[in-house]
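Residue numbers (my numbering): -11 to 275.
Report on one structure; see the data block that follows.
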Amino acid sequence: MSTVYLNGAFMAMEQARISPMDRGFLFADGVYEVIPAFNGVLFRFEEHLRRLERSLSALYLINPHDRAGWRRRCGELIQRNGGGNLSLYLQITRGAADQRDHAFPDPPVPPTVFMSTSPLAVPTVNTPDRITGVAAITLDDIRWARCDIKSISLLPNILLRQQAIAVGAREAILIHDGFVTEGAASNVFIVKDGEIATPPASHAILGGITRDLVIELCREQDLPLREREISEAELGDADEVWISSSTRDVVPVVTLDDRPVGDGRPGETWKILARHYIAFKRRLCGV
Ligand code: PDD
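As structure tokens, then:
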């Protein structure tokens, strides 16, 4: 039975109770993070906390804990769930007021802080997704204008992802006004003639922690990478397409809208990057 954290206490998942008046439940009024832990070590933890701070302040929510406080709580939850490879889910909502009202509760009510973990399959060189690559489809980006906030309001994302699943694909790559934004729950990279490109950080995409690490590793390894707009036509014509997220690392997309990407197999540039990514993780976490 897994242990969760709710408002200052650790408890069995079955014992966790949240009010139906919680604004997360009523309005999706909250933010979240998904932080991977490998070998019990929280990966890129400071970076996740920094993004959490940005998301909270965009919602005018006060951060309930400082970084040391988060580290203590998250570390304890990982340990209570056996350490190892886990994905930690962290959610903060504006709390439960007596009345349902769009306006923020005045005076404010305590936020609801919830954390849970789930097993995380650590991608290795032998993970099937990495050997064969995955299929993706393109869809219209129907989301709002502040996708940089890691909001728990994910209805468009889940509808888009489900459309991909329904046709046997693993991800929906989103197009806004003719340009690539990101995946339904991932960031997107392309490779063309040896150059790696990814859409620039903006309100149109979530600044992925994995995306930032890929950029960092490319710079370190002298792999040519540019943050720039990518048109839908360029995506269709790319030699390689990758998607990145904390739970999947960096995965090659080999089929896009039922057409092969490049030669339909994971590309050479991805292989180089994936090697560096795995080596980086091994140095930090020993996996
Ligand atoms: N989602 N873009 C979107 C819309 C996402 O939901 C995610 C991750 C990313 C990648 O961000 P990161 O590299 O920091 O995980 C980009 C998480 C994994 C989720 O919702 O489960």
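Just so it is clear, CB atoms sit at the ideal spot from N, CA and C, and this is done for glycine as well.
Every value quoted in this text rests on a predicted model; they were computed, and no experiment measured them.
Taking the continuous beta strand (DSSP E) assigned at residue i, which residues delimit it?
i     : result
F(-2) : A(-3) to A0
E215  : L213 to E215
L78   : L74 to T81
D237  : D237 to L244
S104  : T100 to P107
T(-9) : T(-9) to L(-6)
Since I believe residue j is in contact with residue i (beta carbons under 8 Å), could you give me their beta-carbon distance rounded to a whole number of angstroms?
i    : j    : result
R149 : A124 : Not quite, the Cβ-Cβ distance comes to about 11 Å (not below 8 Å), so this is no contact.
I218 : A185 : 6 Å
C62  : M103 : 7 Å
D200 : E35  : 7 Å
A84  : S174 : Not confirmed; about 32 Å, so no contact.
L30  : I80  : About 17 Å; that fails the 8 Å criterion.
L223 : I161 : 7 Å
What residue does the alpha helix (DSSP H) around residue i start on, and which one ends it?
i    : result
D117 : P116 to T120
D200 : I197 to E208
Q67  : R55 to R68
F268 : E256 to C273
On the three-state DSSP scale, how would you describe residue i?
i    : result
G18  : strand
W230 : strand
R11  : helix
L223 : helix
Using only the heavy atoms of ligand 3, determine whether one of them is closer than 8 Å to the beta carbon of residue i.
i    : result
C135 : No copy of ligand 3 occurs in the structure displayed; its ligands are ligand 1 alone.
Please state if the CB of residue j and the CB of residue i are separated by a distance shorter than 9 Å.
i     : j     : result
F177  : S232  : yes
L194  : Y265  : no
D227  : A262  : no
M9    : R88   : yes
C135  : A192  : yes
Y77   : V22   : yes
T105  : G18   : no
T169  : P187  : yes
L(-6) : A25   : no
G121  : P254  : yes
T235  : L108  : yes
V241  : E159  : yes
T126  : I153  : no
L65   : F(-2) : yes
D117  : V229  : no
I137  : P96   : no
A189  : E220  : no
G274  : N27   : yes
Y48   : F92   : yes
Would you list, in sequence order, the uninterrupted alpha helix (DSSP H) runs of no fewer than 4 residues that lie entirely inside the segment 136 to 201? 143 to 154
What ranges does the alpha helix (DSSP H) occupy inside the segment 31 to 56, keeping only unbroken runs of at least 4 residues that lie completely in it? 33 to 46
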